[in-house]
Amino acid sequence: MNVILLGPPGAGKGTQAEGIVKEFGLVHISTGDMLRAAVKNQTEMGLKAQEYMTAGALVPDEVVIGIVRDRIAEPDVADKGFLLDGFPRTVNQAEELDKVLSSMDKSIDAVINIVVADEELLSRLTGRRICKSCQKPYHVMFKPPKADGVCDDCGGELYQRADDTVETVKNRLDVYHNQTAPLIGYYKNQGVLVDIDGTKTVGEVFTDIENALKAKV
Ligand code: AP5
Ligand code: MG
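Add 24 to the 1-based position in the sequence shown for my numbering, that's all there is to it.
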């Protein structure tokens, strides 16, 4: 099964990805995580991506399309199927993905669109903390770790993302509405879109996604 997680910044894509890949045996491909790793390691791609990410803008299509194309060609993804998180983010990226998949004789089985209003996204993102080692997301109020500043799963140190400030989050929401929201219509036309209410609890949202995906298998 090949699945896309769609939704605005802070909708819960990363949070839900963890359970979905466990339950359905998919490979989690997060372009945001891959780009942050490249920035941290100061690779050529990381150096290119850094200024866009800090400003809350999209990294140019050719960069992200290249990393996704390479990743989905790897054997683990061919065996298990993928869960794309944060890609595609423009209609051009979606069209390129369709071309790559059809050349591999594959297609998208479901697009899970997690719906949350902007006001709630702002408080989710400014209160978010992430594990430096395993990238698991927490929230100071909604999902605190058991021990302050420490990841429950791997004991890694929690940090705040550089783009989770009030100003940058506002930019990211504008970018989402202008450039990414048109994908809702794009995938509705393909008959693969499922809307999920992302304002319920993490567990309830997971159950809704699980049921939607089980109906597709
Ligand atoms: P990316 O890392 O993809 O960030 P994003 O799309 O902005 O999404 P987030 O990771 O911020 O949110 P999320 O939906 O994963 O929410 P989470 O589960 O963490 O991209 C970052 C940047 O990289 C982009 O701005 C761009 O520059 C670049 N980039 C990446 N992909 C690109 C592409 N394809 N093209 C071009 N550029 C690209 O949850 C958020 C918080 O809410 C957490 O604290 C969590 O604990 C809490 N929470 C989650 N669910 C709930 C719930 N149900 N109730 C209460 N709280 C909840
Ligand atoms: Mg994320």
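No residue lacks a Cβ here, since even glycine has one placed at the ideal position from N, Cα and C.
All figures in this text were calculated on a predicted structure; none of them were measured in a lab.
Item	Value
Complete runs of the alpha helix (DSSP H) confined to the stretch 170-207 [at least 4 residues]	190-199
Cβ-based burial, serine 157 [other Cβ within 10 Å; buried from 16]	exposed
Reduced DSSP category for asparagine 137 - H, G, I as helix; E, B as strand; rest coil	strand
Contact belief for valine 51 with valine 101 at Cβ below 8 Å, rounded distance in angstroms	5 Å
Aspartate 85 beta carbon less than 8 Å from that of glutamine 40	no
Span separating the alpha-carbon of cysteine 175 from that of arginine 153	10 Å
Cβ-based burial, asparagine 202 [other Cβ within 10 Å; buried from 16]	exposed
Counted within 10 angstroms of its Cβ, other Cβ atoms place serine 127 as buried (16 or more) or exposed	exposed
Rounded straight-line distance, which links the Cα of valine 45 to that of glycine 110	15 Å
Expected contact under 8 Å - CB spacing of alanine 134 and lysine 37 to nearest Å	No, alanine 134 and lysine 37 are not in contact; Cβ-Cβ is about 14 Å, not under 8 Å.
Alpha helix (DSSP H) segment containing serine 127, residue limits	115-127
Proximity below 8 Å, CB of threonine 192 to CB of glutamate 144	no
Length of the line joining the Cα atoms of proline 33 and isoleucine 220	15 Å
Closest residue to valine 229 among Ile136, Ala73 and Val88 (Cα-Cα distance)	Ile136
Leucine 237 classed as buried or exposed, judged by whether at least 16 other C-beta atoms fall within 10 angstroms	buried
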